[in-house]
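Colleague:
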Amino acid sequence: MTKNEKDILNLFKFCKKLIKKKSDIPMLVPLFEEIDDLENSHIIISNLFANKDYKKHLTNFNNTQEIMLGYSDSNKDGGIVTSQWSVYKSQIALFSTGKKHNIDVSFFHGRGGTISRGGGPTYNSILSQPNGTIKNKLRYTEQGEVISDKYSTTSLASENLKLGLFAFFKANKTKNREIKYENTFLDELSKLSSKKYRSLIEDKNLIYYFESVTPVNLLSVLNIGSRPSKRSKISSVKNYRAIPWVFGWAQTRQTITGWYGSGTALDELINKFGIKQVRKIYNSSSFFQNLLSSIEMTLAKTDLNISRFYAENLVEKEMSYLYDNIVEESLKVESAIKRITLSKELLDSNKILKNTLAIRDTYLDPLSLIQVFLLQKLQENELTDYEKTSLLLSVNGLAAGLRNTG
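Counting in our numbering, the sequence shown runs from 22 upward without gaps.
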């Protein structure tokens, strides 16, 4: 990840020494992912463009600069609202910085498979980007876990590519329009949501809760991910990589990475701005619509009955307050979404997905119950080799059924 302009300039110097012909030096793409880096990205890029040698290098690419934006670490650090809003604002600032230096900036979105890591419907994602920021070019990653869903047949691949292209052209034709209170509202939503989210992940008992209630410690023996689950052997939220962090919560049907904190924040702002003003912002802001849709979709995959079974059987009673906090926040999120969208139930506007999830749950629920039983035996060191294999199969089965591995 890029922390300052020296990260790119040092690489540029290295390339100049290694590659004889300067025009053969490739485009160097900065990556901004953590919240602080996203907030400072325009300053870093401005300093980078101020370097004469580097700016001359960009003439080989018609004075263009590609910048990669990540979602995973910012989500783990500050929650989904702050992650999405930080990426959104950074694009506006970076695009403006490029204009000042006569450089056309384009963005490469490092999207994961799950909503918590920037995933979700491509069409909605493209249309929710800041106006004017994708007129040059747009790139985004498709994680391996979603390839079969989107590109496994010619018709599927064609349809998804058409949707992406249509969204790109439509976004380029959309005119800028200011929405009263939108930025103020979303800034406050981000701050309040992050504060609530941080209060959970900074709880000294959360890491124990996470490792007890989820099968995250089994990832080392599964073929999931290309890197270790943790950056070091010490157990802490900070040391966990984004994929196992999202994966663990999803397995227990407590998908907090996709909504925690947003309920408290929305509740407070509905009281402050009034529900009519919040609905007005929602109806006018493609970003807010996509954000709320993503949160709703993830919340719909949360199952309080199943997750309670995990919490009651795998965690000491002294830690039950953490689960109570998760339940309380999930109810706040659901209530706020229903009030804003005027819906009676989650996913009322997407009946197909709603029915799909309901059917899927009939197969997933038994797997979850089996997993809890086997995790209990694992905690008590009473797991046979056969049962260990069964436990690993339950992890794989749930990952396949939930259609995400983090």
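For glycine and all other residues, C-beta sits at the position ideal for the given N, C-alpha and C. Because the structure is a prediction, the values reported are computed rather than measured.
Would residue 226 and residue 232 qualify as a contact pair, given that the criterion is a beta-carbon distance under 8 angstroms?
Modeller: Contact flag unset, no.
Colleague: Considering just the uninterrupted stretch of the beta strand (DSSP E) at residue 88, what are its terminal residues?
Modeller: From DSSP, the beta strand (DSSP E) with residue 88 extends over 85-91.
Colleague: I'd like to know if the segment 164-172 and the segment 112-128 are in contact, where contact means that at least 3 CB-CB pairs between them fall below 8 angstroms.
Modeller: Taking 8 angstroms as the limit for Cβ pairs, the verdict is that the segment 112-128 does not touch the segment 164-172.
Colleague: Can you give me the C-alpha to C-alpha distance between residue 355 and residue 200, rounded to a whole angstrom?
Modeller: Their Cα atoms are separated by approximately 25 angstroms.
Colleague: Cα separation between residue 387 and residue 366?
Modeller: Whole-angstrom Cα-Cα distance: 25 angstroms.
Colleague: Measuring straight from C-alpha to C-alpha, what distance separates residue 120 and residue 109?
Modeller: Going from the Cα of residue 120 to the Cα of residue 109 covers about 17 angstroms.
Colleague: Assign residue 217 to buried or exposed, taking buried as 16 or more other Cβ atoms, counted over all protein chains shown, within 10 Å of its Cβ.
Modeller: That one is buried.
Colleague: Jot down the residue ranges of each uninterrupted beta strand (DSSP E) in the segment 89-129, minimum 3 residues, whole runs only, in chain order.
Modeller: Runs found: none.
Colleague: Are residue 33 and residue 78 close, meaning C-beta to C-beta below 8 angstroms?
Modeller: A contact, by the Cβ cut-off of 8 angstroms.
Colleague: Starting from residue 378, trace the alpha helix (DSSP H) both ways and give me its first and last residue.
Modeller: Taken as a continuous stretch (DSSP letters only), the alpha helix (DSSP H) holding residue 378 covers 372-400.
Colleague: Buried or exposed for residue 397, please, with buried defined as at least 16 other CB atoms from any protein chain shown within 10 angstroms of its CB.
Modeller: The residue in question, residue 397, is exposed, as its Cβ has fewer than 16 Cβ neighbours within 10 Å.
Colleague: Got a sec: is the Cβ-Cβ distance from residue 308 to anything in chain C below 8 angstroms?
Modeller: In the structure shown, chain C cannot be found, because there is only a single protein chain.
Colleague: Determine the DSSP secondary structure at residue 363, reduced to helix, strand or coil.
Modeller: If DSSP states are grouped into helix, strand and coil, residue 363 belongs with coil.
Colleague: Can you find at least 3 beta carbon pairs, one from the segment 208-215 and one from the segment 272-286, that sit closer than 8 angstroms?
Modeller: Judged by Cβ distances under 8 angstroms, the segment 208-215 makes contact with the segment 272-286, as three or more pairs qualify.
Colleague: Quick one: give me the first and last residue of the alpha helix (DSSP H) that residue 329 is part of.
Modeller: Unbroken alpha helix (DSSP H) run through residue 329: 325-335.
Colleague: Rounding to the nearest angstrom, what Cα-Cα distance links residue 146 and residue 220 in this structure?
Modeller: Approximately 29 angstroms, taken between the alpha carbons.
Colleague: My understanding is that residue 111 touches residue 92, with C-beta atoms under 8 angstroms, so please give their C-beta distance in whole angstroms.
Modeller: That belief does not hold up - the Cβ atoms of residue 111 and residue 92 are roughly 11 angstroms apart, past 8 angstroms.
Colleague: Please classify residue 235: is it buried, with 16 or more other beta-carbons within 10 angstroms of its beta-carbon, or exposed?
Modeller: It is buried - the Cβ of residue 235 has at least 16 other Cβ atoms within 10 Å.
Colleague: Considering residue 159, what are the terminal residues of the alpha helix (DSSP H) in which it resides?
Modeller: No alpha helix (DSSP H) contains residue 159, which is instead part of the beta strand (DSSP E) from 159-161.
Colleague: Grab me the residues of residue 303's own chain with a C-beta within less than 7 angstroms of its C-beta, minus the 5 sequence neighbours each way, in chain order.
Modeller: Excluding sequence neighbours, residue 303 sits near 309, 310, 313 and 361.
Colleague: Going by C-alpha distance, which of 407, 150 and 83 is nearest residue 194?
Modeller: Checking every option, the nearest Cα to that of residue 194 belongs to 150.
Colleague: Counting C-beta neighbours from all protein chains within 10 Å, is the total for residue 9 16 or more, i.e. buried, or is it exposed?
Modeller: The question about residue 9 has no answer, for the chain in this structure spans 22 to 427.
Colleague: Express the C-alpha separation of residue 338 and residue 187 in angstroms, rounding to a whole number.
Modeller: For residue 187 and residue 338, the distance between alpha carbons rounds to 52 angstroms.
Colleague: Skipping 5 residues on each side, what residues in its chain have a beta carbon closer than 7 angstroms to that of residue 209?
Modeller: The answer, listed in chain order, is 290.
Colleague: Please state the DSSP three-state secondary structure of residue 240.
Modeller: Note: residue 240 maps to helix in three-state DSSP.
Colleague: Give me the Cβ distance between residue 423 and residue 271, rounded to the nearest whole Å; I'm assuming they're in contact under 8 angstroms.
Modeller: Their Cβ separation, rounded to whole angstroms, is 6 angstroms, which keeps residue 423 and residue 271 in contact under 8 angstroms.
Colleague: Excluding five sequence neighbours on each side, which residues of the same chain lie with their C-beta closer than 6 angstroms to the C-beta of residue 389?
Modeller: Excluding sequence neighbours, residue 389 sits near 327.
Colleague: Quick check: the Cα distance between residue 162 and residue 90, rounded to an integer number of angstroms?
Modeller: So the two alpha carbons sit approximately 11 angstroms from each other.
Colleague: With a 10 Å radius around its C-beta and 16 neighbouring C-beta atoms as the bar for buried, classify residue 170 as buried or exposed.
Modeller: Exposed is the call here.
Colleague: From residue 85 to residue 37, what does the alpha carbon distance come to, in whole angstroms?
Modeller: The alpha-carbon atoms of residue 85 and residue 37 are separated by roughly 19 angstroms.
Colleague: Determine the contact status of residue 395 and residue 412, defining contact as a CB-CB distance below 8 angstroms.
Modeller: Yes, Cβ-Cβ distance for residue 395 and residue 412 is below 8 angstroms.
Colleague: Output needed for residue 257: all residues of its chain with C-beta closer than 8 angstroms, excluding positions within five of it in sequence on either side, in chain order.
Modeller: Only 228 meet the Cβ criterion.
Colleague: Alpha carbons only, please: which of 340, 118, 306 and 333 is nearest the one belonging to residue 224?
Modeller: Checking every option, the nearest Cα to that of residue 224 belongs to 340.
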